[in-house]
Amino acid sequence: MVHTITKYEDLTVFLQKNIHQFETGPCGCILLTLSVILSRSIHLVRSDFDVPTNRMIGIHGYCTQELVNLLVTGKAVSNVFNNVIELDSGNGNITILKGISGRSDIGLLSLFEHYDVCQVGCYLKTPKYPIWLVCSESHFSVLFCLQKDLLGDWRTERQFDLYYYDGLANQEEEIRLTVDTTQNYNEDKENDLIPPLEHCIRTKWKGAVIDWNGAEPIL
C-alpha cells in the first residue's frame, strides 16, 4: 500500500503511528529506500543520475553514491562536489557531471577524499547542522557536534568536541573527540598508525590535532 502525504505535520503523525514497520524485521531499510525514491519520483531520480542506467544498489549490495545523496540531500546525483562540471572531449561532445546543488542539512566526510579519489564540496563539508555521515572502512557511521552554531562562527571551530557513533559496530560506549585547529598535527607517515576517522575529519579541518579523550582509537 502506498500512502501519499503532502504536509510535514501529517508525515510526522504517520511516521509516529507506523514507525514499527521500519524498526522491526528485515524490511525497514527497503521501506525507507522505496519511500525516498517515490518521494523524489522515479522519473526525477533517473534524471538526477549522470547516466540513466546508473543504479541505487551497487556490487555486494552496497548503496551507491546516488542513493546516499538522495537520502542526504533529496537528489540522487552521482557526485559529491559542488554544482555541475562540464567535460569537453574536444570533439563537440560535452559530458555533464552533476554534484550537490546547495548547502545540505546534513554533511558528508569521506576517507576516499583523503586518498584523492574524490573531492567533497563545501555544500556537504559545511552543512546547515553539525552532523556528518562518515564514509570509511566500507560502511557509514556518524559524527555530530552538540554546538548547533559550530558552523556559523569560525571562532567556535578553534576547539570543539565531536561525538562518533558506529551502529554497525554495535557501539555502546560514548566516543568523544576533541578537535583542536589552533595546533598543527605533524604526521609521521613511517611510524604513525593513524585512525581512518582522523583522516576523514582532517579533510575538513586540515592539520587539526584530535584527542580521543581516553577512548581506544579505532584503527
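Residues 3 to 221 in our numbering are what the sequence shown spells out, letter by letter. A virtual CB, placed ideally from N, CA and C, is assigned to each residue, including glycine.
At 3 residues or longer, what runs of the beta strand (DSSP E) sit wholly inside the segment 64 to 133? Counting whole runs of 3 or more residues, the segment 64 to 133 contains the beta strand (DSSP E) stretches 86 to 90, 96 to 100 and 109 to 112.
Excluding the five sequence neighbours on either side, which residues of its own chain have a C-beta within less than 6 Å of the C-beta of Leu135, listed in chain order? Leu110 and Phe142, listed in sequence order.
With distances taken between CB atoms, is the gap from Val181 to Trp207 smaller than 8 Å? Cβ distance < 8 Å, so Val181 and Trp207 count as in contact.
If you follow the alpha helix (DSSP H) that Ser37 is part of, which residue opens it and which one closes it? Here the alpha helix (DSSP H) through Ser37 covers Gly30 to Arg42.
Nonlocal neighbours in the same chain, by C-beta distance under 6 Å from Thr97, ignoring five residues either side: Cβ within range, chain order: Leu89.
Cβ of Gly109 within 8 Å of any chain B Cβ: Looking for chain B here will not work: only one protein chain is present.
Sort out for me which residues DSSP pairs Phe142 with in a bridge. Paired residue(s): Cys137.
Apart from the five residues just before and just after Leu170, which ones in its own chain have a Cβ nearer than 6 Å to its Cβ? Counting only Cβ-Cβ distances below 6 Å, and skipping sequence neighbours, we find His141.
Report the option in Ile196, Cys137, Ile203 and Arg204 whose CA atom is closest to the CA atom of Ile220. Measuring from the Cα of Ile220, the nearest candidate turns out to be Ile196.
Option in Tyr131, Gln161 and Thr8 with minimal Cα separation from Asp151: Each of Tyr131, Gln161 and Thr8 was checked against the Cα of Asp151, and the nearest Cα belongs to Tyr131.
Rounded straight-line distance, which links the Cα of Glu174 to that of Tyr125: Per the coordinates, the alpha-carbon of Tyr125 lies some 31 Å from the alpha-carbon of Glu174.
Using the C-alpha atoms, what's the distance from Ile177 back to Ala217? Just so you know, the alpha carbons of Ala217 and Ile177 end up roughly 6 Å apart.
In whole angstroms, what separates the C-alpha of His62 from that of Val122? Note on geometry: alpha-carbon atoms of His62 and Val122 lie some 24 Å from one another.
Could you check the C-alpha separation between Gln161 and Arg204 for me, to the nearest Å? For Gln161 and Arg204, the distance between alpha carbons rounds to 14 Å.
Less than 8 Å separating the beta-carbons of Arg48 and Leu72? No, these two residues do not count as a Cβ contact at 8 Å.
Below 8 Å between beta carbons: does that hold for Gly101 and Asn84? Between Gly101 and Asn84, the C-beta spacing is below 8 Å.
So is Ser138 buried or exposed if we call it buried at 16+ other beta carbons inside 10 Å? With 16 or more other Cβ atoms from the protein chains shown falling within 10 Å of its own Cβ, Ser138 counts as buried.
Segment limits, beta strand (DSSP E) that includes Val211: Secondary structure note for Val211: its beta strand (DSSP E) is the uninterrupted segment Val211 to Asp213.
Under 7 Å Cβ to Cβ from Phe24, same chain only, skipping five residues before and after it: list those, please. The residues Gly30, Leu33 and Leu34, in chain order, have a CB closer than 7 Å to that of Phe24 in the same chain once the five nearest residues on each side in sequence are set aside.
Round the Cβ separation of Ser106 and Thr75 to the nearest angstrom and send it over; I've been treating them as touching at under 8 Å. Contact between Ser106 and Thr75 holds, with the beta-carbon distance rounding to 5 Å and staying under 8 Å.
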